[in-house]
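> Respectively, the protein sequence lines represent chains A and B.
Just so you know, we're using the numbering used here here: the first sequence kicks off at 821 and counts up by one.
Just so you know, we're using the numbering used here here: the second sequence kicks off at 176 and counts up by one.
Don't be surprised by glycine CBs; every beta carbon is placed ideally from N, CA and C.
I'd like to ask you about the structure that follows.
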Amino acid sequence: MPQFSTPILETRLEIPGQPGAVIAMPPKLALLPGQFLLAHVPTLAEILPTPLFPARQSGDRLELAPPLPPDWEAGVTLSVKGPFGNGFHRPPLAQRVLLVSFLPAPHRLLPLAQSAHEAGAAVALFANAIPVNLPEEFELLTDNDLPAAIAWADYLALDLTLEQVPGLLDHLGVESLRRLPGTAEALILTPLPCGGLAECSLCAVQTKSGWRRACEDGPVFDLREIDL
Amino acid sequence: MNLTSHQDIYLSSPWLNASGMLGYAPSAAWNWEQPPGAFVTNPVSLSSRPPAPNRALIPFPGGFLLHNGHPNPGIQAVIRRHRPRWARASIPIWVSLLGNTPEEIQRMVKLLEDVEGVLGIVLLAPPPEELPHLTEFLQAAAGELPVILSLPLSQVESSLLQQIQTAGASALCLAAPRGCLPDASGKLTYGRLYGPALFPQCLSALRTCRTVGLPVIAGSGVTTAAQGETLLAAGALAVQLDFVLWL
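Encoded structure:
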């Protein structure tokens, strides 16, 4: 498992209560949308590592999705390991990409939005808060737009907590999985304390083929595989 | 190799992982400066156990509460999957057992006695309501392999220690105590406690245990080599590391 130390270059607060940060990215580390790193600040005597999800990448600068620990400040050095897990698998031919975040900040979906946009796909985003500097071409959706957007999309990516899984279809405004686009994936937020080391199953997700650990088998799952 | 031994317990180093911290077989993920002296598996039960529906990780100042229900695929699946790595391991494998009855423990021990690489049984203490029957659990675990009783810090008391000593345990292992905290919705959740705040309790429990003469593997709250050395100087046979192995 690759490990490295890297400084926090700057901190950001795009959404109240949701601190983010930018770190320097090692040159050879490839972090796919939906994959994560685990990091802690040794000088802060932290007890558990914090999962780091990519939000935006520019050259060797990696912006991390909020929320991050509020006491992480620019200049401190993170001890980092990873990447962990499986990321999103957007079909290369998908041209109508719908991103839906039920979290306070939608940043964990932004790398997917960026790659879809660069591939020439149309991108629509439903979120509880809007990040700064979104490309103007992205369509921003409201609750009322969701059913029509789901019918329009040929790829759906969701970001939600494990607790939101049981009511998901209601939140989306559809009565069955058959109403969803051909490919639908969900990034599920769970505790990820051990990164698979302990097989502790705190991150376990019930799927149609049994329990799966988000740290290894996820945290991105085929939505049709999840036991809703 | 510098062997530390007491009765039939062998360790190549006085540092080892706590049950539930590193899975079922040794890996390269060990992050402590000193090498491990043994590997302790996650708790294993006779039948498979799913993750607890209300599993939780709840932080508190100085630590966190963890409740996962000890999920595992069951003893036969664990042996089938990990036997090759246990046989190749350069350190002793201690299999941690979780049983509802003495009979379950006995059946699991029998399955493990001929497995190459397995050199110890870590018996998780039964829940408090079953503690009057602790002797029966220990006797059920007795066989060809040494038995290390894993006792939560919160259950260390003199009368119980006497019972453990006479029941034939080879050693005692101080494990994470249980506690209770409200989750995000306010619902009370019970689980195991981890964190640096537990170290003073661990040191105190170690001194209590030493009064009965059993070898003690001390664990809970250790974050530095200096703390581990303090436990060894206070008479611990070895030191178990828990959450610090996840960093």
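Decide if residue 220(B) is buried, meaning its Cβ has at least 16 other Cβ atoms within 10 Å, or exposed.
That one is buried.
> Flag this pair as yes or no: are the beta carbons of residue 330(B) and residue 192(B) separated by less than 8 angstroms?
No, the pair does not count as a contact, with Cβ atoms beyond the cut-off.
> Given a limit of 7 angstroms on CB to CB distance, which residues of the region 994-1022 of chain A reach chain B?
Flagged, chain order: 1011, 1013, 1014, 1017, 1018, 1019, 1020, 1021, 1022.
> Please give me, in chain order, every unbroken run of the alpha helix (DSSP H) with length at least 4 that falls completely inside the region 314-388 of chain B.
Runs of the alpha helix (DSSP H) inside the region 314-388 of chain B: 333-341, 374-385.
> Using a Cβ-Cβ cut-off of 6 angstroms (strictly less than) and excluding sequence neighbours within five positions of residue 896(A), which residues of its own chain qualify?
Within the same chain, residue 896(A) has close Cβ partners 828, 861.
> Give me, in chain order, the residues of the same chain whose beta-carbon lies closer than 8 angstroms to that of residue 202(B); leave out the 5 immediate sequence neighbours on both sides.
Nothing meets the Cβ criterion.
> Measure the beta-carbon distance from residue 313(B) to residue 294(B) and round it to whole angstroms, keeping in mind my assumption that it falls under 8 angstroms.
Residue 313(B) to residue 294(B), Cβ: 18 angstroms. No contact.
> Okay, do the region 399-416 of chain B and the region 267-278 of chain B touch, 3+ Cβ pairs below 8 angstroms being the bar?
The region 399-416 of chain B, when compared against the region 267-278 of chain B, does not touch it at the 8 angstroms Cβ threshold.
> Using beta-carbon positions only, say whether residue 271(B) and residue 240(B) come within less than 8 angstroms of one another.
Going by C-beta atoms, residue 271(B) is not nearer than 8 angstroms to residue 240(B).
> According to DSSP, is residue 178(B) part of a helix, a strand, or is it coil?
With a pLDDT of only 41 at residue 178(B), under the threshold of 50, the placement of this residue in the model should not be trusted; the figure read from the coordinates follows. DSSP places residue 178(B) in coil when its eight states are reduced to three.
> With which residues is residue 1042(A) paired in a DSSP beta bridge?
Paired residue(s): 1005(A).
> What residue does the alpha helix (DSSP H) around residue 280(B) start on, and which one ends it?
Per DSSP, residue 280(B) belongs to the alpha helix (DSSP H) from 277-287.
> Compute the beta-carbon to beta-carbon distance between residue 384(B) and residue 347(B), rounded to the nearest angstrom, for a pair I have assumed lies under 8 angstroms.
Contact flag correct, Cβ pair sits at about 6 angstroms.
> CB residue 834(A) to CB residue 841(A), shorter than 8 angstroms?
The answer is no: Cβ separation not under 8 angstroms.
> Taking contact to mean at least 3 C-beta pairs separated by less than 8 angstroms, is the region 1023-1039 of chain A in contact with the region 899-911 of chain A?
Touching, yes, given that three or more Cβ pairs across the two stretches are closer than 8 angstroms.
> Mind pulling the chain A residues with CB within less than 9 angstroms of residue 239(B)?
Within chain A, the residues near residue 239(B) are 867, 868, 1013.
> What residues in its chain sit with their C-beta under 6 angstroms from that of residue 177(B), if we drop five residues either side in the sequence?
Reliability fails at residue 177(B), whose pLDDT of 40 lies under 50, so the model's placement of it is uncertain and no value is given.
> Hey, does residue 1034(A) have any beta-carbon neighbour from chain B nearer than 8 angstroms?
No, its Cβ sits nowhere closer than 8 angstroms to a Cβ of chain B.
> Rounded to whole angstroms, what is the Cα-Cα separation between residue 282(B) and residue 217(B)?
Cα-Cα distance, rounded: 18 angstroms.
> If we count Cβ pairs, one from each stretch, closer than 8 angstroms, do we get three or more for the region 861-880 of chain A versus the region 1010-1019 of chain A?
The region 861-880 of chain A, when compared against the region 1010-1019 of chain A, does touch it at the 8 angstroms Cβ threshold.
> Does the beta carbon of residue 937(A) come closer than 8 angstroms to any beta carbon on chain B?
No, no contact with chain B.
> Please confirm whether residue 230(B) has its beta-carbon closer than 8 angstroms to some beta-carbon of chain A.
By this cut-off, residue 230(B) is an interface position.
> Residue 984(A) bridges to which residues according to DSSP?
Answer is none; residue 984(A) lacks a bridge partner.
> With DSSP run on the structure shown, which of helix, strand or coil describes residue 194(B)?
The answer is coil: DSSP assigns residue 194(B) none of H, G, I, E or B.
> Measure the beta-carbon distance from residue 979(A) to residue 922(A) and round it to whole angstroms, keeping in mind my assumption that it falls under 8 angstroms.
With 8 angstroms as the limit, residue 979(A) and residue 922(A) qualify as a contact, their Cβ atoms being about 7 angstroms apart.
> What residue from 845(A), 1041(A), 863(A) has the CA that sits closest to residue 877(A)'s CA?
It is 845(A) whose Cα lies nearest to the Cα of residue 877(A).
> For residue 375(B), tell me which candidate among 421(B), 253(B), 395(B), 236(B) has the shortest Cα-Cα distance.
Here the closest residue by C-alpha is 395(B).
> Specify whether the region 958-975 of chain A and the region 909-923 of chain A touch according to this definition: at least 3 beta carbon pairs, one from each stretch, less than 8 angstroms apart.
Segments in contact, yes.
> Grab me the residues of residue 426(B)'s own chain with a C-beta within less than 6 angstroms of its C-beta, minus the 5 sequence neighbours each way, in chain order.
Nothing can be reported for residue 426(B), as the shown portion of chain B is limited to 176 through 422.
> Cβ atoms of residue 369(B) and residue 238(B): under 8 angstroms apart, would you say?
A contact, by the Cβ cut-off of 8 angstroms.
> Below 9 angstroms on C-beta distance, what does residue 845(A) contact in chain B?
Correct list: empty, because the minimum Cβ distance to chain B is about 21 angstroms.
> Here's the rule: buried if 16 or more other CB atoms are within 10 angstroms of the residue's CB, otherwise exposed. What is residue 364(B)?
Buried, because 16 or more other Cβ atoms sit within 10 Å of the Cβ of residue 364(B).
> Can you tell me the Cβ-Cβ gap for residue 243(B) and residue 1022(A), rounded? I've got them flagged as a contact below 8 angstroms.
Confirmed, about 5 angstroms.
> Would you mind giving the Cβ-Cβ distance between residue 1048(A) and residue 988(A), rounded to the nearest angstrom? I have them listed as a contact below 8 angstroms.
Sure, about 6 angstroms apart at Cβ, within 8 angstroms.
> Would you kindly check if the distance between the Cβ of residue 224(B) and the Cβ of residue 247(B) is under 8 angstroms?
Closer than 8 angstroms, so yes.
> So, using beta-carbon positions, are residue 261(B) and residue 290(B) closer together than 8 angstroms?
Yes, they are a contact pair.
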